[in-house]
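Student: The structure that follows is given in the form of structure tokens.
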Amino acid sequence: MGAHESMEHAEHAEHASSSNKRVALLIAVIALFLAFSETLGKSAQTESIAKNVEASNLWAFFQAKTIRRTSVQAAAEHLKVTAITLPDDAAKAAAAKQIDDWQKTAARYRSEPETNEGSEQLAARAKKAEYERDKYMAKYHHYEVASAAFQIGIVLASATIITGMTILAMISGGLAIVGLGFVGIGLFAPHAVHLF
59 MGAHESMEHA EHAEHASSSN KRVALLIAVI ALFLAFSETL GKSAQTESIA KNVEASNLWA
119 FFQAKTIRRT SVQAAAEHLK VTAITLPDDA AKAAAAKQID DWQKTAARYR SEPETNEGSE
179 QLAARAKKAE YERDKYMAKY HHYEVASAAF QIGIVLASAT IITGMTILAM ISGGLAIVGL
239 GFVGIGLFAP HAVHLF
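Spelled out as structure tokens, the structure:
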């Protein structure tokens, strides 16, 4: 090998080494973005599950209150019908008082703003928990898409080192930008794009 060929070979090796360093840096940056999107995704998934449990508990409590209210209302209606047949005024007055108490209890089961545990308040709280659950699930899906874009970007950037095809590094960078876009959507506007 001549001196000229040796010098060309050294320049080529130096250029390849410099190019590989840039690709390695690209891989490192995309891996950092991947770590963030995976962490955000796991957090959103956990929060979605927690909100789903909360909504289920609130709907179960709502159902229990509704059953109690219906039972009390049925008892009051039954007593109204049977009170007519009572022999004396004292018994009729006691029945009327009991009917009034049951109707007040049924009304309290329907709406109890001071404790926030009437069926109306429970339904509102459950719907809010469902909305939060859906928001966190949407965030999770966007972070998952971002993670997929970052992972594919890392694979393509790695392939650039092996093949020397710089177009793969460009595609990898583009995928990183797409991934960042989905992270941004997940953070700031999870309901803006509906993929799932």
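Residue numbers (the numbering used here): 59 to 254.
For each residue, glycine too, the CB sits at the ideal point set by N, CA and C.
1. Taking the CB atoms as reference points, tell me whether Ile-85 and Ser-205 lie closer together than 9 Å.
2. Report back the beta-carbon spacing between Ala-141 and Ala-154 to the nearest angstrom; my notes put them in contact at under 8 Å.
3. At which residues does the alpha helix (DSSP H) containing Thr-163 begin and terminate?
4. Distance check for Arg-127 and Glu-135, CA to CA, integer angstroms please.
5. Grouping DSSP H, G and I as helix and E and B as strand, with all else coil, what is Ala-250?
6. Enumerate in chain order the residues of its own chain whose CB-to-CB distance from Thr-124 is below 6 Å, with the five nearest sequence positions on each side excluded.
7. For Lys-193 versus His-249, is the C-beta distance shorter than 9 Å?
8. Taking a contact to mean a Cβ-Cβ separation below 9 Å, would you say Arg-191 touches Ala-93 in this structure?
9. Enumerate in chain order the residues of its own chain whose CB-to-CB distance from Gln-209 is below 7 Å, with the five nearest sequence positions on each side excluded.
10. Which residues in the same chain as Leu-226 place their Cβ atom closer than 8 Å to its Cβ, once the five residues preceding and following it in sequence are excluded?
11. Beta-carbon within less than 8 Å of Asp-159's beta-carbon, same chain only, minus the 5 sequence neighbours each way: which residues are those?
12. Would you say the region 102–113 touches the region 163–171, given that touching needs at least three Cβ pairs under 8 Å?
13. Going by CA-CA distance only, name the one from Val-139, Val-241 and Ala-82 that's closest to Tyr-198.
Tutor: On the basis of the coordinates in this document:
1. 9 Å or more divides the Cβ of Ile-85 from the Cβ of Ser-205.
2. Their Cβ separation, rounded to whole angstroms, is 7 Å, which keeps Ala-141 and Ala-154 in contact under 8 Å.
3. Membership of Thr-163 in the alpha helix (DSSP H) is indicated by the continuous run 147–168.
4. Distance between the alpha carbons of Glu-135 and Arg-127: 12 Å.
5. Coil at Ala-250, not helix or strand.
6. Hits under 6 Å: Ser-177.
7. Between Lys-193 and His-249, the C-beta gap is smaller than 9 Å, which places the two residues in contact.
8. For Arg-191 and Ala-93, no; Cβs fall outside 9 Å.
9. Leu-92, listed in sequence order.
10. Excluding sequence neighbours, Leu-226 sits near Leu-214, Ala-215, Ala-217 and Thr-218.
11. There are no such residues.
12. Not touching, per the Cβ criterion.
13. The closest CA to that of Tyr-198, considering only Val-139, Val-241 and Ala-82, is found on Val-241.
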